[in-house]
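Structure first, commentary second.
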Amino acid sequence: MVRNFWMTNNVGAEYSLLSSRAFLYAPEGLGFTKAYEAISFGTSEVVTEEQLNLSDVSGEILFRGETSADTYNEYSNFTNFIRETPVTLHYMPPNLAESFGAEVVITNLEKTEIDAEDGLLHCPISMHMTTHW
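In the numbering used here, the protein residues as written are 1438 to 1570.
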């Protein structure tokens, strides 16, 4: 079993990021960071406040089609999909039966040319989480 990513948008549509047409490759930022305040007492601390930081998730979406036109059409399908905000990124790790979801803002989606070696359109993406998993 492999991890699974997909998105849903404001109109209830779903876009798979684990398909032969679009695949989220090398995702980063799936964990969390936390800020805290503490009071020191000699060699120990007492935590007085904790706050989860909202993370940025990034990776590369690999688009593929039967023809070059199909590949670029799939990129267009994705950009049309993410226009219907808010967008939620869903993540299901292979060791769980339930998924996590977080609303995201797409902060960067690059568009490249189709790679001559692998025939894929490599598009780096960055998303800022506006809610936690």
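Positions of the beta carbon are idealized from the N, C-alpha and C atoms, including for glycine.
Note to self: Using a Cβ distance threshold of 8 Å, determine whether the segment 1452-1461 contacts the segment 1535-1542, with at least three qualifying pairs required.
What the structure shows: no
Item checked: Backbone CA spacing between Thr1544 and Val1494 [nearest angstrom] -> Locating residue 1544 in the sequence shown gives position 107, where the first residue counts as 1. Locating residue 1494 in the sequence shown gives position 57, where the first residue counts as 1. Looking at the two C-alpha atoms, the distance is approximately 10 Å.
Checklist line | the segment 1519-1527 / the segment 1476-1487 touching (three or more Cβ pairs under 8 Å) | finding: no
Note to self: Pairs of beta-carbons, one from the segment 1464-1478 and one from the segment 1502-1515, closer than 8 Å: are there three or more?
What the structure shows: no
Item checked: Among Glu1540, Ser1477, Thr1549, nearest to Thr1567 - alpha-carbon criterion -> Walking along the sequence shown from the start, residue 1567 turns up at place 130. Among Glu1540, Ser1477, Thr1549, the Cα nearest to that of Thr1567 is on Glu1540.
Next item on the list: Name, in chain order, the residues that DSSP records as bridge partners for Ser1513.
Entry: Within the sequence shown, the letter at position 76 stands for residue 1513. BP columns for Ser1513 are empty, so no partner.
Item checked: Minimum C-alpha distance to Met1564 - residue among Gly1496, Gly1449, Glu1550, Pro1530 -> For the purposes of this step, residue 1564 is taken as the residue at position 127 of the sequence shown. The candidate whose alpha carbon is nearest that of Met1564 is Gly1496.
Notebook entry, point to check: Whose C-alpha, out of Val1542, Glu1550, Asn1441, is nearest the C-alpha of Phe1518?
Noted result: The residue given as residue 1518 occupies position 81 in the sequence shown. When only C-alpha atoms are compared, the closest one is Val1542.
Next item on the list: Take Leu1454 as the anchor and find which of Ala1553, Arg1440, Gly1466, Asp1552 has the nearest alpha-carbon.
Entry: Residue mapping note: residue 1454 aligns to position 17 of the sequence shown, counting from 1. Residue Arg1440 is the option with its Cα nearest to Leu1454.
Next item on the list: Could you work out which residue in Glu1547, Ala1475, Tyr1528 is closest to Tyr1452 when comparing CA atoms only?
Entry: Start at 1 with the first residue of the sequence shown, and residue 1452 comes out as number 15. It is Tyr1528.
Next item on the list: Would you list the one or two residues that DSSP bridges to Gly1496?
Entry: As a working note, residue 1496 is residue 59 in the sequence shown. DSSP, once it has assigned bridges, lists Ile1562 as partnering Gly1496.
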